[in-house]
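First up is the structure itself, then whatever we jot down about it.
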Amino acid sequence: MSVAIIDYGAGNLKSAAKALAFAGRASNTDVVVTADPDQVAKADRIVLPGVGAFAECKRGLESKPGIVAALCEAVLQRGRPFLGICVGMQLMASVGVEYGEHPGLGWIKGRVVRLTPKDPALKIPQMGWNDLVLRRPQHPLFAGLASGVHGYFVHSYHYLVEDPAHLLAEVEYGGRVAAAIGRDNLAGVQFHPEKSQQVGLRLLANFLAWKP
Amino acid sequence: MLKMRVIPCLDVKDGRVVKGVNFVDLVDAGDPVEQAKIYDAAGADELTFLDITASHENRDTLYDVVAKTAEACFMPLTVGGGVRKVEDIRKLLLAGADKVSINTAAVKDPDFVKEAATRFGDQCIVVSIDAKETAPGRFEIFTHGGREPTGIDAVAFARRMAENGAGELLVTSMDRDGTRAGYNIPLTRAIADAVTVPVIASGGVGTLDHLVEGIRDGHATAVLAASIFHFGLFTIAQAKAHMLAAGLPMRVEPHKQAM
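Sequence order for the protein chains is A and B.
Per the numbering used here, the very first residue in the first sequence carries number 876; after that it's consecutive.
Per the numbering used here, the very first residue in the second sequence carries number 1255; after that it's consecutive.
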């Protein structure tokens, strides 16, 4: 099986690649980090990582010729399983409001807005381990995981999904914050599975086994 | 609920751990990768490498160590020590570090932090603040391992660093470092209350109660410690259990292989 990690100049691609290779070590998984539309078209699964600002990531993605079209074709037309991580998840939104309003890919209706915890003592970014409340515990991504497991978060913005059915998991941070979202063959996690030790590796292995 | 973090720090010199526990079953106790794996399995929430290599020529050994650690440990890794240029940050991130901590370079040129945060994102830039209490309630930045005063007010500097894009501040009380007398709580608290970004307390831990104080009284959201873990005084699990018993939110999970 082949997994394409989209390379658009964003950080920690290597961490994501290494964790996916480790999670898929038993199933002969071939992980490529690529900005080549042909490779994206050929991949069985696609991962969009991301750190940094929404607008900058979107610009980075659009600066790679043909990559957005290849992504949309593979994911929306041909139903290839897709996982967005952190800003990679946020890019699925209709719009992001970090440093001005910017359109996202519009795959899962919603807006990405700044974290505004009710308790002013809570720090921004949310940095560290938070326990997941699974809203769709039966989702294949969560096989072997249950509410209460921790993911490692680093973010200042969060995803407000329009349709509550698209919310897969939440965390509490001075209010409810989306931790995982998805529909059909699309999924996204706000936390970093590649940095979430056994819980993260399990989620990545589940993604590799997922048959939406 | 977000959990408070326990971060062991390893001093690395020329690619070898300088202080470290002689863990039983460890083939090579001086190998940072082996130590990192132990802390990973023990449930450390993050790991920090502090490179104290004297000469810059031996820097490549550090990149190698970071790369090998990232290969084996799927947890957040911060690397500090000798970070002076944007190129140093790029190399560390490419090797597999998640965050890079900047110390002297941030004091010399506060705009360097702005440049780094713009280029790599706030989330991976940690500014490490070494300060001493020069008068009650007066905290001053020191460089060169606490030997050189700068005349810079630590709290004002912390605010400026957060404005410049530091995603996190590592606050070390130089007058406590190595004393095992506990964190300098007034310093930690003054900075934590002055900024919206997370603060890591550091310098002076001797007991498990000190870890609790760093968070409860110092308002930090993470505690960093070196010697209490290295010398085998306490394990990560003991530290977390103690903090949990004191009412702090901690991540305590079985750390056996889940797959």
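A virtual CB, placed ideally from N, CA and C, is assigned to each residue, including glycine.
Keep in mind the model is a prediction, meaning the values are calculated, not measured.
Are any of the Cβ atoms in chain A nearer than 9 angstroms to that of Lys1510 (chain B)?
-> Residue placement at Lys1510 (chain B) is flagged as unreliable, the pLDDT there being 45, under the threshold of 50; the coordinate-derived value follows with that caveat. For Lys1510 (chain B), the answer is yes, since a Cβ of chain A falls inside 9 angstroms of its Cβ.
Any residues in the region 1318-1347 of chain B with a beta carbon nearer than 7 angstroms to a beta carbon of chain A? Which ones, in chain order?
-> Ala1324, Glu1325, Phe1328, Met1329, Pro1330 and Leu1347
When DSSP labels each residue in this structure, what does Met1258 (chain B) get in the three-state scheme?
-> strand
Going along chain B, which residues have a C-beta under 7 angstroms from Lys1070 (chain A)?
-> Phe1328, Met1329, Pro1330 and Asp1352
Taking the alpha helix (DSSP H) that Asn1081 (chain A) falls in, what are its first and last residues?
-> Gln1072 to Ala1084
Residue range of the unbroken beta strand (DSSP E) whose run includes Phe1066 (chain A) | No beta strand (DSSP E) holds Phe1066 (chain A); DSSP gives it neither H nor E.
Which residues, taken in chain order from the region 1012-1033 of chain A, show a beta carbon closer than 9 angstroms to some beta carbon of chain B?
-> Gly1019, Leu1020, Gly1023, Val1024, His1025, Tyr1027, Phe1028, Val1029, His1030 and Ser1031
Could you pull out every residue in the same chain whose Cβ sits closer than 6 angstroms to the Cβ of Ala1018 (chain A), ignoring the five residues on either side in sequence?
-> Asn1081
In terms of residues, what are the limits of the beta strand (DSSP E) holding Leu1423 (chain B)?
-> Glu1422 to Ser1427
What residues of chain B sit near Trp982 (chain A), judged by a beta carbon separation below 8 angstroms?
-> By Cβ distance, chain B contributes nothing, its closest Cβ being about 23 angstroms from Trp982 (chain A), past 8 angstroms.
Who are the near neighbours of Cys961 (chain A) in its chain, counting only those whose CB is closer than 8 angstroms to its CB and skipping five residues on each side?
-> Pro924, Gly925, Val926, Val1029, His1030, Val1064, Gln1065, Phe1066 and His1067
Hey, Tyr1293 (chain B) and Pro1262 (chain B) are a contact pair by Cβ (cut 8 angstroms); roughly how many whole angstroms apart?
-> 5 angstroms
Given a cut-off of 9 angstroms, decide if Ile881 (chain A) and Met964 (chain A) are closer than it, judged by their beta-carbon atoms.
-> no
Please indicate yes or no: does the CB of Ala1360 (chain B) lie closer than 8 angstroms to some heavy atom of the ligand COA?
-> Judged by which ligands are present, the structure shown has none, so any question about the ligand COA falls away.
Beta-carbon gap between Arg1259 (chain B) and Ala1476 (chain B) smaller than 9 angstroms | yes
Can you tell me which of the three DSSP states Ile1383 (chain B) falls into?
-> strand
Anyone know if the C-beta pair for His1473 (chain B) and Asp1447 (chain B) falls short of 9 angstroms?
-> yes
Can you tell me the Cα-Cα spacing of Phe1411 (chain B) and Pro1012 (chain A), whole angstroms?
-> 46 angstroms
Per DSSP, Val1271 (chain B) is paired with what?
-> B:Val1266
Under 9 angstroms between the Cβ atoms of Val970 (chain A) and Arg986 (chain A)?
-> yes
Stretch-stretch touch, CB-based, cutoff 8 angstroms, three pairs: the region 1417-1434 of chain B with the region 1377-1396 of chain B | yes
Nearest-angstrom Cα distance between Phe1485 (chain B) and Val1271 (chain B)?
-> 12 angstroms
Thinking just about the alpha-carbon of each residue, which of B:Ile1454, B:Phe1393, B:Ile1395 and B:Asp1318 is nearest to the one in Ala1479 (chain B)?
-> B:Ile1454
Sorted by chain position, which residues of the same chain lie with C-beta nearer than 7 angstroms to Leu1076 (chain A)'s C-beta, five sequence neighbours on each side aside?
-> Ala894, Phe897 and Ala898
Going by alpha carbons, who is nearest to Gly1094 (chain A) out of A:Glu1045, A:His1014 and A:Ser877?
-> Lying before the first or after the last residue shown, residue 1094 (chain A) is absent from chain A, which here runs from 876 to 1087.
By the 10 Å Cβ neighbour count, where 16 or more other Cβ atoms means buried, how is Tyr1048 (chain A) classified, buried or exposed?
-> buried
Nearest to Ser1481 (chain B) by alpha carbon, out of B:Ala1491, B:Gln1492, B:Ala1499 and B:Gly1460?
-> B:Gly1460
Three-state secondary structure assigned by DSSP to Ile1490 (chain B) | helix
Please list the partners that Pro1452 (chain B) has in chain A, where partner means a Cβ-to-Cβ separation under 7 angstroms.
-> Lys998 and Met1002
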